[in-house]
Structure formats: C-alpha cells, structure tokens
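**Student:**
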Amino acid sequence: MPTVSIARCPTYDPSEVEAALHRLLEPLGGIGAFVGPGQRVLLKPNLLLPARPERAITTHPVVVEAMIGLVREAGGEPFVADSPGGPLHTRAGMHRVYRDTGLQEVAERTEVTLHYDATAVQVPTPDGVLLKRLDLLEVWQEADVVIALPKLKTHGLTTITGATKILFGLVPGLTKSGYHAKLADLDRFCDMLLDIVACVRPALFVMDGVLGMEGNGPSLHGSPRQVGVLLASRDAVAMDAVVCRIIGLDPDRLSLFRAAARRGWWPVEVTVTGTPVAEVTVPDFRLPDTTQAATRRTGRGRLSQLATSALTPRPVPQRGRCTACGTCVRICPLQAITIVDRLAVVDDARCIRCYCCHEICPEAAIDLEFSRLGRLLRWSGMLG
Ligand code: SF4
Ligand code: SF4
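Residue 133 in this note's numbering is what sits at position 139 of the sequence shown, and the numbering runs on without skipping anything.
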C-alpha cells in the first residue's frame, strides 16, 4: 500500500521549508531510507522555463536547496539536471533557466553541480508497456539514486503535471517533440509517461506545493495559487492521486490514471500520513480550459481525430503579443506552425493539440480557443 506524506508549509522561508521537509520524510524513514553515504543523487526539479520562482512555473529554489542539504546530511553527493523543451536545452538556454529560476544562486551557495549537457542515450525499458527503448539524458546514468522534485500545477494536455509527468523532462530537449508526434493520442502519451517512471524508478518524489499553479498551466498562462503543502512519496501515481484529492479532481477522469489502471498501478489504497488531506484541500481550484475535452480524448482513428479537433481548444497566436521569435515553430512536433507577416500561424488540420507551443511561448502569445461547436457544447453543458 503506497504512502504519501503531507506537511503543511505556508511559505518559502528556508527554515520553515527545512523543518517541513524533516517532518515530511520522517514517516517514510527519513532521508537515510533513500540515500546512502557516497551515493550520487540526481535531483530532478521542474525547470520548464526561465521564469522567476514567484511565477510558480518551476520548483522553488528554496525547496531544491533544502533537498541538497538533506542529501548531504545522509552522506550523498547531489547534482541537479533537467532538460527543458524547445530551444532551452542548449547551454545558453540552460544558463537562462538556471539564472532565472534561482538555481544559479543556489549552486553558488552550495557548490552543487548544475548540468548543462543535453546528450541523449537510448536505454532499454524492460518494464515498458508501450516503449521498449527510451531516449533519456545521458547524465541520468551517472546517478545511483534519483529524487524527483515536481511542482503542483495544472497542465493543458494532461490536466495536472506532478510526480508522474515530471520525468518527461529527462527526455532531452527537442526529442520530446518526437514523442508528442508519435504519441498524439493522449492515452498512449500517458502510457509513455508511465514507461519512463518504470524505467527511471526514482527512489523518492518530493513535491513543491507551497505555491502551486491553477488555471491554464503549466507555464505563463497559469495562475499561482497558494496551496501551502509539501508532499513526499515513493510512488508517483499515489502522489498524483493525493494531489487530485487536494484540488478536488476525480483522478478516474484523467487519462493518466486510466493508463495506470491498465498496468495494475491504479486504483490502489493510498495511506496518507502527516497533515490530513481534508486540512489542505483547496476550494474552487481552477482546472485548465482544456480539461473537459482532454478527459474525453480516449479514442483512436479518424472519427476520434475529428472529435478531438472540434472539441479541444486550438492554439491561436495573437498579433500584438507574438514577436515572431520562432520558438513555437521549432518545438511543434507536427511542423504545423509557420511565421507569416511576423505572426505565428497554426495549420489547424495538422495540429494534434499537444499544446507544446502554448507552454513554451516566452510571450504568452498563444491563446487556446474553442471552435464554434466546442463553445456550443460547453455552453450546453455537454462538455462539462
Ligand atoms: S507565438 Fe510565441 S513562440 Fe511563437 S513566434 Fe510568437 S512569440 Fe514566438
Ligand atoms: S501547433 Fe501547437 S498544439 Fe498544435 S501540434 Fe504544434 S505545438 Fe502542438
């Protein structure tokens, strides 16, 4: 029976975070249950964009710094690695990410190594259900232990992004686009996410939910929302299930949990220790506009594609905000975006609604808009 530990933590005051982490890990056996002396420990935060911590897009640097301290307390040797999408996986891009997210300062204070190298390695996934090989950051192989540090956020494609999805960040840079292209069906995409979990097998997940994100996450269109918690578990699916309870979402509506059910990982009884869920639930937590449609994206084939196209919002770059920087052009897995007259233009017929462009646009210039039919169905209540 998987256990999820919850600790209340209302602010990012370093001493408060440190104390909360100790409380959080105690019921799981303390950090020593996960890290031994001399072990190389990969800390994998969510570093989606070069964004300041108060935007709640990335794992807060105070949480990362406290985890560095804990790993060292156990005699481990921590290092930090991630691979943001789009053009950010280059050395210059990673420098901006580390600088803006506050991790550069953490590294200067703690002398922890930050990784810049996005070299990929193909690894076999004997426990994979969908994929038998995965492309992952080579540096992953240097770790004796992986500790994932997800952020509690909404996500346009998968509704939430938390413990299960964070490991997609170990797929290097633009290689992610290839996975989106091959796995346009959301159920298959979620199967792939679980294959990564089965392959990487993090020893521990510690989630930053102090300042979470609601609305049209996971990036600049989302809104920071005070949740005031840290969570820890050995089990990604159990942790995400508890997140669903905290934000008032039925996990069985999500493709992620349907994928987990297909391989026997869900439903499971989850033991919650520490602060009870009822004490930290967030009323009226806003889900992404895509949620109602996303939870229905279960079928395959032409009819399903047509339904997806009609019922899911499409990305629409906005003149006035778009700077024609081309970032979305480079990340789009279907080459569905071109720059015309200094404005990004989406070919709706090619678009698979992965929302990578919406997520990565540095100007938040891509809005999600429902078709007339989609608006009508939403208005009628048939989509929600
Ligand atoms: S929509 Fe955003 S990412 Fe695309 S070209 Fe315009 S500013 Fe750049
Ligand atoms: S246009 Fe945007 S949402 Fe559509 S396939 Fe390309 S990246 Fe994905």
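From the three backbone atoms N, C-alpha and C, an ideal C-beta is built for every residue, glycine too.
Please name the residue in G23, T(-3) and V57 whose C-alpha comes closest to that of A13.
**Tutor:** Numbered from 1 along the sequence shown, position 19 holds the residue referred to as residue 13. Closest by alpha carbon: V57.
**Student:** Which one of P47, A235, V35 and T152 has the shortest CA to CA distance from R93?
**Tutor:** For this step, residue 93 is matched to residue 99 along the sequence shown. Selected option, being the one with the closest Cα: P47.
**Student:** Determine the burial state of R369: buried for a count of at least 16 other Cβ atoms within 10 Å of its Cβ, exposed for fewer.
**Tutor:** In the sequence shown, counting from the first residue as 1, residue 369 sits at position 375. So R369 ends up on the exposed side.
**Student:** Looking at P118 and ligand 2, is the gap between the Cβ and the nearest heavy atom below 6 Å?
**Tutor:** For the purposes of this step, residue 118 is identified with residue 124 of the sequence shown, where counting begins at 1. P118: no, Cβ never under 6 Å from ligand 2.
**Student:** Report yes if the C-beta distance between V117 and L128 is below 7 Å; otherwise report no.
**Tutor:** On the sequence shown, position 123 is the one that residue 117 refers to. On the sequence shown, position 134 is the one that residue 128 refers to. Cβ distance < 7 Å, so V117 and L128 count as in contact.
**Student:** Assuming D202 and L224 make a contact with CB atoms under 8 Å, what is their CB distance in whole Å?
**Tutor:** Counting from 1 along the sequence shown, the entry for residue 202 is found at position 208. Counting from 1 along the sequence shown, the entry for residue 224 is found at position 230. Their Cβ separation, rounded to whole angstroms, is 7 Å, which keeps D202 and L224 in contact under 8 Å.
**Student:** Give a yes or no on whether the C-beta atoms belonging to P55 and L18 are separated by under 7 Å.
**Tutor:** Residue 55 sits at position 61 when you count from the first residue of the sequence shown. Residue 18 sits at position 24 when you count from the first residue of the sequence shown. Taking 7 Å as the Cβ cut-off, P55 and L18 do not qualify as a contacting pair.
**Student:** Closer than 6 Å between the C-beta and any heavy atom of ligand 1: which residues qualify, listed along the chain?
**Tutor:** P311, C316, T317, A318, C319, G320, T321, C322, A338, C355, E357, A359 and I360
**Student:** Which residue from G209, T84 and G26 puts its Cα closest to that of A114?
**Tutor:** Numbered from 1 along the sequence shown, position 120 holds the residue referred to as residue 114. Checked all of G209, T84 and G26; the closest Cα to A114 is T84.
**Student:** Grouping DSSP H, G and I as helix and E and B as strand, with all else coil, what is G293?
**Tutor:** Within the sequence shown, the letter at position 299 stands for residue 293. Note that G293 scores 49 on pLDDT, short of 50, meaning its location in the model is unreliable; the coordinates nonetheless yield the value given after this. The answer is coil: DSSP assigns G293 none of H, G, I, E or B.
**Student:** Can you name the start and end residues of the beta strand (DSSP E) that P4 belongs to?
**Tutor:** In the sequence shown, the residue the question calls residue 4 occupies position 10. That residue, P4, is in no beta strand (DSSP E); it is neither H nor E in DSSP.
**Student:** Do you know how far the Cα of M88 is from the Cα of I325?
**Tutor:** As a working note, residue 325 is residue 331 in the sequence shown. As a working note, residue 88 is residue 94 in the sequence shown. Computed Cα separation, rounded: 16 Å.
**Student:** Measure the CB-CB distance between P21 and T265 and report whether it falls below 7 Å.
**Tutor:** As a first step, residue 21 must be located in the sequence shown, where it is residue number 27. As a first step, residue 265 must be located in the sequence shown, where it is residue number 271. Contact: no.
**Student:** Who pairs with F73 in a beta bridge, going by DSSP?
**Tutor:** For the purposes of this step, residue 73 is taken as the residue at position 79 of the sequence shown. Beta-bridge pairing links F73 to L36 and T107.
**Student:** Start and end of the beta strand (DSSP E) containing D129?
**Tutor:** As a working mapping, residue 129 is identified with position 135 in the sequence shown. For D129, the enclosing beta strand (DSSP E) covers residues R127 to L131.
**Student:** Buried or exposed: where does S374 fall if 16 or more other Cβ atoms within 10 Å of its Cβ makes it buried?
**Tutor:** As a working note, residue 374 is residue 380 in the sequence shown. Exposed, by the Cβ-count rule.
**Student:** Are the beta-carbon atoms of G140 and L42 separated by less than 7 Å?
**Tutor:** In the sequence shown, the residue the question calls residue 140 occupies position 146. In the sequence shown, the residue the question calls residue 42 occupies position 48. The identity of residue 140 in the sequence shown is Val, whereas the question assumes Gly. With respect to the 7 Å criterion, V140 and L42 are not classified as neighbours on the basis of their beta carbons.
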